[in-house]
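A short write-up of the structure that comes next.
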Amino acid sequence: MLRKVLYIDLSKEESWALERQELFEKWMGGTGVGIRLLQEECPAGIDPLSPKAPIIFSIGPLNGIFPMATKTVATFKSPLTGELGESYAGGRLSLALRFAGHEAVVIRGQAKQPSYISINDSAVLIKDATSIWGIDAQTTGVILRDRESGVGRRSIIRIGPAGETGVRYAGVVVDTYRHFGRLGLGAVFGSKKLKAMVISGTETIDVPDVKRYKEIYNRLYKTTVQTDVMEKYHDIGTSVNISTLNWLKGLPTKNFLLSSFSEGEKISGEYFAKNQLFRRLSCAGCPIGCVHIAALKTAFSNHHEFEVRKVSYDYEPIYSLGSNLGVGSADGVLQLIDVCERLGLDVMSAGGVLSWATEALEKGLITNKETLDVTLRWNDVDGYTRALENIVRAPNEFYGALARGVDYAAKKYGGMEYAMTLGGNEVSGYHTGPASIVGQLVGVRHSHLDNAGYAVDQKAIKKTMDAEMMVDEIIKEDNSRGVFNSLVGCLFARGVYTEENIIDSLGAVGIVKSRDDLQELGKSIFEEKYKFKVQEGFDLSRARIPQRFYETVSSAGVVTPETVEEMLRLYRKKRGWI
Amino acid sequence: MPESQAEEIKEAEAKPFLEPAEKETTTPEKPRKRRRLKVAHPERCIGCLSCMFACSRTRTGTVSLQNSAIKIQTQGGIEGDFRVVVCRACADAPCARACPTGAMKKRPDGSVVFHKDICIGCGSCEKACLVGAVTMGKEKKPIKCIHCGACVEFCPHGVLELEEVSASGG
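Order-wise, the sequence lines are chains V and U.
Residue 504 in this note's numbering is what sits at position 504 of the first sequence, and the numbering runs on without skipping anything.
If you count the second sequence from 1, you need to add 1000 to reach this note's numbering.
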């Protein structure tokens, strides 16, 4: 297995592949290689939307080879936070990259005209995309499917209008239903006039010891399908958490004014499963099928004529476009998810922006003049739909501000105490206690998935944990996820990929690592990422925590600033920063 | 991991997967019933491609989509329905009839076996199969299902089954 980096320069219209064996040996792949390439490629202090800011995709040594190693990581400078941009997507992308023979792809420069990249094994073409510029993300996929080869084994990733107009939290849609959602990769695509990328390949991988490979594969596969390790994901799915967190007072509602939602039952995972779920799908190479697809059927006349849209849902979109906007109907939530899909917006940040704006309008910080008479009111799905469209078009200064995220808008109009971001990123759907807040604040990409602080909170409900124990757990996850994200496995499968299973599966592809090696790698990756963050201006000691977190009761009771401060102090101390 | 779960995993690991090589014993003198792959519930497919990986892993020891005899095709991306393409083990197999050298050879039990060494790579078998179950691999040799059932073992959703048919059954 040659470990190559494919370089594509859009300005020069050139591409070349480089063997980078030592880079992959030292940094494994995925996020480890991603952060190192970002350091090589990204000039300090550069505008994230300038042609000099790179886009990096990377996979790891297990992708395509073992079950549930299905993710690709995108590394870039985030136009939303101005520092580390890191986002993960499933679908068929990692498999397509594997069989095309590229473990990492670096995209530099800016195309002269709207373009898309077509990668077919070692052949790389930059093609004109003028005629599809402005077209929604879904239709773009339909068009490129007809134009390009590799049916059944390719991946098509593309942006919608939000990426083209530079909304700072525009995402990239991957193979329909999967996304590089967070931190604005879509806007970086748009700034490069890059509409899409189509990847397919026909390589065959030989493993060093077939018998051993089969043995490990079978072990992982069977653990997944024949035990209940993955039950949560293939039954009701992640949306099962709506009911759980609603009951635990951990479900952010109406911009975190509340932590439980009176209409929660109507948007619960159980409700979706019973009434709207019609199909489940998988990423290539994963037998779980966690992608839940709902049918949204809307009448468009009185003569029994219907539009039927197929919309994928999960916990986070239901929180951000449901409970946190006071939307108490499954149809309403699906409608808003579908709008984000077409426009190519990150659902979590989009919901965060709308919830802040709704409260700001309610409190009189903005008026109908700013909103152009769009009523931003809890549960007003039509109003929210129009607002999302306006964010992409940015017809006035207000929507232009919303397109830059909650932090920017609140700095301009006020309402900072309920501007629900951590590290500049709109927060995820957990008001579970102090570990969730601290976890997202210290996390390398300010995501709940950096270290799963919310899970630490939930653990602390069952057994008493002091601040230090919680901080230790966060640090452990920070580091170990750096390793898993270098493989690049799906975090849902982290229960299957125990340390022993990781070592064995790496061994089966000829990579020998010890427990200590992996722990050292996890720590180094974390440190490299923080180097980049600090270089780009992130300062943990001065990071803002919205007052609202301390006012609304959480699953762990009212969180006090003292607890959070103490945990942050311990965190910095244990990291050796103070 | 809870103890019950650990036990469950242990139990699952003790259960052997089908070893196709051992089950491929048929003598010309005594034609027995043959086994045939059946797409029992195509609408249950989630598109994970585990069957394709199982096929190339078991038959060729490689990680590959190209080497798989079973094919999961998309129609209009993953928004559309999946199409599961497998060899139907035809009683009067067009692939065997089309083969000019006898490399695709029908056996008394009705199954078709492929002899790589006498194949000239003309691709007639591929053209003869309307279903699209025979495809030419990278070395210009056809990839043909042997109805071993490895894919059945790795389908998480019961899409595939292995059934027994008589020699004349089509």
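For each residue, glycine too, the CB sits at the ideal point set by N, CA and C.
By the Cβ rule, the region 230-247 of chain V does not count as touching the region 527-540 of chain V, because fewer than three pairs are nearer than 8 Å.
Residues of the region 95-114 of chain V with a C-beta less than 7 Å from any C-beta of chain U: F99, listed in chain order. DSSP, read as helix, strand or coil, puts V:I107 in strand. The residue from V:E265, V:E359, V:A556 with its alpha-carbon nearest to that of V:K463 is V:A556.
In this structure, V:L194 and V:L10 form a Cβ contact; the two beta carbons are roughly 7 Å apart against a cut-off of 8 Å.
Under the 10 Å beta carbon count, V:E341 is surrounded by 16 or more other beta carbons and is classified as buried. Note that the region 107-125 of chain V touches the region 187-204 of chain V; at least 3 beta-carbon pairs, one per stretch, sit closer than 8 Å. Between the alpha carbons of V:E426 and V:L354 lies a gap of roughly 11 Å. Proximity of U:E1161 to chain V, defined by a Cβ-Cβ separation below 8 Å, is not satisfied.
Among the residues facing chain V, U:S1050 is included, as its CB has a counterpart in that chain under 8 Å away.
Secondary structure at V:T371: helix, using DSSP grouped into helix, strand and coil.
A direct Cα-Cα distance of roughly 10 Å separates V:T204 from U:T1060. With 16 or more other Cβ atoms from the protein chains shown falling within 10 Å of its own Cβ, V:N255 counts as buried. Around the C-beta of V:H304, fewer than 16 other C-beta atoms lie within 10 Å, and the residue is accordingly described as exposed. Between V:Y217 and V:P67, the C-beta spacing is below 8 Å. For V:A295, no Cβ of chain U is located within less than 8 Å of the residue's own Cβ. At a cut-off of 8 Å between beta-carbon atoms, U:V1063 makes contact with chain V.
The three-state reading of DSSP puts U:V1112 in strand, counting E and B together. Cβ contact annotation for V:G150 (same chain, cutoff 7 Å, sequence separation greater than five): N120, S200, in chain order. In this structure, the alpha-carbon of V:T375 lies about 58 Å from that of U:L1037. Beta-bridge partners assigned by DSSP to V:H234: none are found. Residues of the region 51-73 of chain V with a C-beta less than 8 Å from any C-beta of chain U: G64, I65, P67, listed in chain order. The beta carbon of V:C283 sits closer than 6 Å to the beta carbons of T70, G90, G91 from its chain, once the five residues preceding and following it are set aside; these are given in chain order.
In this structure, V:M420 sits away from V:W378, with a CB-CB distance that is not shorter than 8 Å. Put simply, the backbone Cα of U:A1103 is about 17 Å away from that of U:A1133. Those residues of the region 259-288 of chain V placed with their C-beta closer than 7 Å to a C-beta in chain U are R280, L281, S282, A284, G285, C286, P287, ordered along the chain. Cβ neighbours of V:D346 within its own chain (closer than 6 Å, five residues either side excluded): Y169, G171, G181, R182. Taking the beta carbon of V:V5 as reference, no residue of chain U falls within 8 Å; the closest one sits roughly 21 Å away. Cα atoms of V:K310 and V:E389: separation of roughly 20 Å, rounded to the nearest angstrom. U:E1126 is outside the set of residues whose beta carbon lies under 8 Å from a beta carbon in chain V. In the three-state reduction of the DSSP assignment, V:W16 falls in the strand class.
DSSP places V:I119 in the strand class (E or B) of the three-state scheme. Here the region 458-476 of chain V does not lie against the region 502-512 of chain V, with fewer than 3 beta-carbon pairs under 8 Å apart. Excluding sequence positions up to five before and after V:G82, its CB lies within less than 8 Å of the CB of P48, G424, E536, G537, all in the same chain and listed in chain order. Using a Cβ-Cβ cut-off of 9 Å, V:Y177 is close to I1078, E1079 of chain U, given in chain order. Your pair V:E19 and V:R36 does not check out as a contact, with CB atoms roughly 15 Å apart and the cut at 8 Å.
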